[in-house]
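Novice:
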Amino acid sequence: MSGVNDFSLRIATVNGTGSASANGMLMQAIFRMGVPISGKNVFPSNIQGLPTWYEIRVNGDGHTARAPAFQLVVAMNPQTYKDDLDSVESGGWLLVDSSFPLDPRLKRDDITILGVPLARMCGKNFEGSRTRILMKNIAYVGALGALLDLDMDVVRSMLHEKFAKKKHLADANDLAIKLGYDYAKAHFDCPLPIRLQPLDKTSDQIMIDGNTAVGLGCVYAGATVAAWYPITPSTSVMDGFTKFCGRYRKTEDGKNNHIIMQAEDELSAAGMTIGAAWAGARAFTSTAGPGISLMSEFIGLAYYAEIPAVFVNVQRTGPSTGMPTRTQQGDILTCVYCSHGDTLHIALFPANPGECFTMARDMFDLAERYQTPTFLVSDLDIGMNDWMVPRFSWDDSYTVDRGKVLNKADLEEIEAYYRYLDVDGDEIPYRTIPGVHPKGAYFTRGSGHDKYGKYTEKSGPYLEVVDRLRRKVLSAKDSVPQPIIERREGARFGVVTIGGCDGAVREAAERWEAEGMPVDVMRIRAFPFPDSVEAFLREHDKNFIIEQNRDGQLYQLLLNETDITKDRIVSVRDYGGLPLSAKAVREGVSGAMA
Amino acid sequence: MTHIAKPIARHPKLAKNDLGLTYRDYEGSLSTLCAGCGHDSTTAAIVQAFWRLSVEPHRVVKLSGIGCSSKTPTYFLRDAHGFNSVHGRMPSVATGANAANGELMYIGISGDGDSLSIGLGQLCHASRRNVNLTYVLENNGVYGLTKGQFSASADVGSKAKKGAVNRAAPIDPVLLAMTLGATFVARSFSGDKAQLVPILEAALRHKGFALIDVISPCVTFNEHKGSTKSYMYTREHYRHVTEASLVPGCGELQATQKRGEATEVKLHDGSTVLLRSVADDYDPHDRASAFANLSRMQARGEVPTGILYLQESDGDMHTMSGTTDTPLVELPYADLCPGSGALDKLMDEFR
């Protein structure tokens, strides 16, 4: 059984009962003790009444990938009691509400069951059914406080910050915490072998979810137009953008120097984004896979008409409606090749909220520099879970890259302007902003056009444009975020991954190294692939491509867009909808080797 | 949509507007539509309206979807910024462009297929949002480019060229817009430029969404006996219920005032629309009674035309959104980025 600052717990509750705030409180308290932590919310697509789980991993070494097993389970939901009982690792503990008798047939001899009469205590001490339900959840935090040796001063100061203006709530929460804490102290041998000990490993860190980070990144990137349609798991991107715009994007007279439009559907959201980008604003939309499917016709238009629109895709489990509250990396190919006909798009793949923030900025710069739609391909795990990441910082010397835009003075000087003419031989034509100058006017169309922007149905002039478009997008390979490569002396093989698999893969690599099997790790961060991607693959006879989708989409993309052959790469997939664990990586690679 | 440049030759005595431009400066390339197409007359009316309003062409954004009607933005205002988008989705592109820069003048051209079938949702929501956009729906009851299928505006009992009879209830864009709360709803006929030009002028000056349903016959696929969108049928059944003229000017926005039989509606930019009811009891400022009157007339097979409903709106999409007066595209980045200090402070909230 693991011990100090190295354990995982899983809390089973009913959604809509306030357990999210109890679990958040527990997370924050551990974080403030300086102990590295990660949380995974495994929640239903439902408002109230269905089972939900919150998984917390405490790891003094800073590993934040999903825990493969749970030493402590808090079973607050009778509906899932059997599964929760089964989910405790042998030798572990189950904390359960003992107010009501449990099914005697459900038992395990290899674990310790800790019964706390949470409902009974809260029934006695609080009035009103809603309050009793809420406080029952706060009370288990108190019990865990005693069992795990949580710094209760930290908990109390958090409560006072949170309820500074609502004393009655502060008092109620205080009492609930105390009820749980005192009961555990009195009845159990506290603390358990698995427990916390203060560290100093989080002082330069924050806890933030990726979607909030994207919203903040878009504010910092200078986005002024946002269009969207609500969809899980991307809704909180726009919630974040809205919140930060409310704070940072007001004029002195209280007006908004931004506009956020909730569209009637994703098609419209895409059209608005494209219209605004065409008109010269930094514009973006955020959605999930089903939204990208709906937007795909428009994305082809933006590609062909060379409009710098930005698309945030927070992936969820597909196909179709799929599992909206589970994670997956199932839209890699959809994004890179989105829309009918020959298309190719710049796509960035963040691994954590820190990269969500910086890549939000990068994708606007790339979109404008290359005059093409760009994708930020995040996922539910990154987007909706709170991650411990280094504090964000901002370089005030940063200036936006608007790309090749002709201003009024430029237009005044030139003889004639043609929208799609590659004047500089760098595949990128010049763009104008509507309304700036009569010479800058041109006709934008998704129909066949020549390099002068005129309609055409002739093969030659058509080919000239579409061939340049492919070269243009591929030329972004040196400007996109480059892969992160971790090399180890005497590496036996290469491990390649993408996005939120990062933590689990690096943890697995550390374990392999400790076992005498060093490996090189490369995390790809963007398409088009930089040259270093293929070079890495060539360095190793075998490369395991680890990703979270059924069909090995990164694997396919590597085969398709590099000259690497199948004998050198092996696909390892994990796609059941939950965040990746190091265990799954290790087992996946072992299985693929066998 | 083959491009044929129009020769630029001007008669020296052509009248000039306040900018010193003749109407020929508001034309585009040669039309490639069928000879006699209603859309070409509508294009000519659009050229006239912009010329009369003395708008700088490059301050205009002209947009369209897909279809015969959507080809027409290339036929007017060659110096305006054009955007031929995807089928039925012009309203969202116009909304986005307008969101970025509300100072330009926006005109969208669509057809009955583009607007009432594939793009019905976008039409409705652009209206609800009150995007400052003149929306010209060139309505001929038929799909032209794909050779003669019924559109959603085809009347029950109307006949296709090959004899098929439409049994599905039509979607009437005017009645639809009335129910959606549109603030400017009009109908006209491509063959009645004297009526259409002032309607277009008023619509372009109106701050908000202005729908103009233009009966614009298809000479190739819907100009036969049994069609209710033919020149013949429209000439026999259409009637003016209001007559409008636009008096440009500038001044404060005022409430609607009665002056004799005509009412004056002051627009946000100070222009005045003089609106006279021709039909008995028709009040173009009362949504409910106008709706009832139009429904009755249309049930009798009549085609009521004119500005059918007008209420200068309280404000367009930008007013509703509280957007700053400076177009968003003109805001310098320095005003948009909160900077490192603000970020550092914000980070403390995530601990």
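Sequence lines, in order, name chains A and B. Going by our numbering, the first residue of the first sequence is number 1, and it counts up by one from there. Going by our numbering, the first residue of the second sequence is number 595, and it counts up by one from there. Think of the CB as a built atom: it goes at the ideal place given N, C-alpha and C, for glycine as much as any other residue. No experiment lies behind these values; they were computed from the predicted model shown.
(1) Residue range of the alpha helix (DSSP H) that B/P767 falls in?
(2) With a cut-off of 8 Å, does the C-beta of A/R586 fall near any C-beta of chain B?
(3) Compute the Euclidean distance between the alpha carbons of B/V791 and B/L902, then round it to the nearest angstrom.
(4) Closer than 6 Å by C-beta to B/C844: which residues in its own chain qualify, once you throw out the five before and the five after it? Chain order, please.
(5) Comparing the C-beta of B/T773 with each C-beta of chain A, is any distance below 8 Å?
(6) Output the distance between the C-alpha atoms of B/Q743 and B/V859, rounded to the nearest integer angstrom.
(7) Enumerated in chain order, which unbroken segments of the alpha helix (DSSP H) with a length of 4 residues or greater are wholly contained in the region 620-698 of chain B?
(8) Which residues in the same chain as A/P308 place their Cβ atom closer than 6 Å to its Cβ, once the five residues preceding and following it in sequence are excluded?
(9) Note down, in chain order, each residue of its chain lying with its Cβ closer than 6 Å to the Cβ of A/S234, except the 5 sequence neighbours on either side.
(10) Going by beta carbon distance, what residues of the same chain come within less than 6 Å of B/T637, once the five residues before and after it are set aside?
(11) For A/A227, go through chain B and note every residue whose CB falls closer than 9 Å to its CB, in chain order.
(12) Listed in chain order, which residues of the region 428-442 of chain A have Cβ atoms closer than 9 Å to some Cβ of chain B?
(13) Starting from A/W394, find everything on chain B with Cβ-Cβ shorter than 7 Å and list it in chain order.
(14) With respect to the beta strand (DSSP E) encompassing A/F70, which residues constitute its N-terminal and C-terminal limits?
(15) Does the beta carbon of B/F644 come closer than 8 Å to any beta carbon on chain A?
(16) If you check the beta carbons only, do A/C338 and A/V214 fall under 8 Å apart?
(17) Keeping to the same chain, check which residues put their C-beta closer than 6 Å to that of B/E906; ignore five residues upstream and five downstream.
(18) Listing by chain order, which chain B residues have their CB less than 7 Å from the CB of A/L537?
(19) Please report the straight-line C-alpha distance between A/R568 and A/T343, rounded to a whole angstrom.
(20) Examine the Cβ distances between the region 614-624 of chain B and the region 701-721 of chain B and report whether three or more of them are shorter than 8 Å.
(21) Where does A/G138 sit, in a helix, a strand or coil, going by DSSP?
(22) Express the C-alpha separation of A/E489 and B/Y927 in angstroms, rounding to a whole number.
(23) Quick check on A/Y54: does DSSP put it in helix, strand or coil?
(24) Hey, is the region 734-743 of chain B in contact with the region 701-716 of chain B, meaning 3+ C-beta pairs nearer than 8 Å?
(25) Mind pulling the chain B residues with CB within less than 8 Å of A/M207?
(26) Quick one: list the residues of chain B neighbouring A/E127, beta-carbon separation under 7 Å, in chain order.
(27) Does the beta carbon of B/G659 come closer than 8 Å to any beta carbon on chain A?
(28) I'd like the list of long-range same chain contacts for B/H675, defined as Cβ closer than 6 Å, with 5 residues on each side in sequence excluded.
(29) Taking Cβ-Cβ distances shorter than 7 Å, what residues in chain A pair up with B/T668?
(30) Buried or exposed for A/V585, going by 16 or more other Cβ atoms inside 10 Å?
(31) In angstroms, rounded to a whole number, what distance separates the CA positions of B/S535 and A/R445?
(32) Answer yes or no: does any C-beta atom of chain B fall closer than 8 Å to that of A/R391?
(33) If you follow the alpha helix (DSSP H) that A/W278 is in, where does it begin and where does it stop?
(34) Does the separation of the CB atoms of A/V310 and A/L557 fall below 8 Å?
(35) Does B/G676 get closer than 8 Å to chain A when you measure Cβ to Cβ?
(36) Who pairs with A/M522 in a beta bridge, going by DSSP?
Specialist: On the basis of the data shown:
(1) For the purposes of this step, residue 767 of chain B is taken as residue 173 along the second sequence, with counting starting at 1. It spans P767 to T773 - the alpha helix (DSSP H) in which B/P767 sits, taken as one unbroken run.
(2) Position 586 of the first sequence, counted from the start, is the residue given in the question as residue 586 of chain A. So no, A/R586 is outside the interface.
(3) As a working note, residue 791 of chain B is residue 197 in the second sequence. As a working note, residue 902 of chain B is residue 308 in the second sequence. Whole-angstrom Cα-Cα distance: 15 Å.
(4) Here residue 844 of chain B refers to the residue found at position 250 of the second sequence. Its pLDDT being 49, under 50, B/C844 is placed unreliably by the model, and nothing is read from it.
(5) Taking the second sequence and counting its residues from 1, one reaches residue 773 of chain B at position 179. By this cut-off, B/T773 is not an interface position.
(6) Working through the second sequence from its first residue, we reach residue 743 of chain B at position 149. Working through the second sequence from its first residue, we reach residue 859 of chain B at position 265. Approximately 40 Å, taken between the alpha carbons.
(7) 632-647, 662-665 and 684-694
(8) Counted from its first residue, the first sequence places residue 308 of chain A at position 308. Cβ neighbours of A/P308 beyond the five flanking positions: A277, A367, E368 and Q371.
(9) Numbered from 1 along the first sequence, position 234 holds the residue referred to as residue 234 of chain A. The answer, listed in chain order, is S286, T287, A288 and V314.
(10) The sequence position of residue 637 of chain B within the second sequence is 43, counting from 1. Cβ neighbours of B/T637 beyond the five flanking positions: T666, Y669 and F670.
(11) By 1-based counting over the first sequence, the position of residue 227 of chain A is 227. Those within 9 Å of A/A227 in chain B are S686, T689, G690 and A693.
(12) T432, I433, P434, G435, V436, H437, P438, K439, G440, A441 and Y442
(13) For the purposes of this step, residue 394 of chain A is identified with residue 394 of the first sequence, where counting begins at 1. The contacting residues are G933, S934 and L937.
(14) Numbered from 1 along the first sequence, position 70 holds the residue referred to as residue 70 of chain A. Residues F70 to A75.
(15) The sequence position of residue 644 of chain B within the second sequence is 50, counting from 1. Not one chain A Cβ lies under 8 Å of B/F644.
(16) Here residue 338 of chain A refers to the residue found at position 338 of the first sequence. Here residue 214 of chain A refers to the residue found at position 214 of the first sequence. For A/C338 and A/V214, no; Cβs fall outside 8 Å.
(17) Counting from 1 along the second sequence, the entry for residue 906 of chain B is found at position 312. Excluding residues within five positions, the ones whose Cβ falls inside 6 Å are V859 and L861.
(18) The residue given as residue 537 of chain A occupies position 537 in the first sequence. Neighbours of A/L537 on chain B: none; closest Cβ ~37 Å, over 7 Å.
(19) Position 568 of the first sequence, counted from the start, is the residue given in the question as residue 568 of chain A. Position 343 of the first sequence, counted from the start, is the residue given in the question as residue 343 of chain A. So the alpha carbons of these two residues sit roughly 27 Å apart.
(20) no
(21) Position 138 of the first sequence, counted from the first residue, corresponds to residue 138 of chain A. The sequence given here has Ile at residue 138 of chain A, not Gly. A/I138 falls in the helix class under three-state DSSP.
(22) In the second sequence, residue 927 of chain B corresponds to position 333, counting from 1. In the first sequence, residue 489 of chain A corresponds to position 489, counting from 1. Each residue's Cα considered, the two are about 46 Å apart.
(23) The count along the first sequence starts at 1 and reaches residue 54 of chain A at position 54. Residue state, collapsed to three classes: strand.
(24) yes
(25) To locate residue 207 of chain A, count along the first sequence from 1; it is residue 207. Correct list: F944 and R945.
(26) Along the first sequence, read from residue 1 onward, the residue named residue 127 of chain A stands at position 127. In chain order: nothing, as chain B lies at least about 33 Å away.
(27) One-based indexing of the second sequence puts residue 659 of chain B at position 65. Judged by the 8 Å Cβ criterion, B/G659 is not in contact with chain A.
(28) Translated into positions along the second sequence, residue 675 of chain B becomes position 81. If we look at B/H675 and ignore the five residues flanking it on each side, its Cβ neighbours are V655.
(29) Within the second sequence, the letter at position 74 stands for residue 668 of chain B. F443, listed in chain order.
(30) If you number the first sequence from 1, residue 585 of chain A lands on position 585. Buried, since its Cβ has 16 or more Cβ neighbours within 10 Å.
(31) Because chain B in this structure spans residues 595 to 945, residue 535 of chain B falls outside the shown range and cannot be described.
(32) Position 391 of the first sequence, counted from the first residue, corresponds to residue 391 of chain A. Yes, A/R391 lies at the interface with chain B (some Cβ there is under 8 Å from its Cβ).
(33) As a position in the first sequence, residue 278 of chain A is number 278, starting the count at 1. Note, A/W278: alpha helix (DSSP H), E266 to W278.
(34) Residue numbering aside, residue 310 of chain A sits at position 310 when the first sequence is read from its first letter. Residue numbering aside, residue 557 of chain A sits at position 557 when the first sequence is read from its first letter. Not in contact: A/V310 and A/L557 (Cβ atoms no closer than 8 Å).
(35) Here the question's residue 676 of chain B lines up with position 82 in the second sequence. Interface residue, yes.
(36) What you label residue 522 of chain A is simply residue 522 of the first sequence in a count that begins at 1. Paired residues: A/I485 and A/V496.
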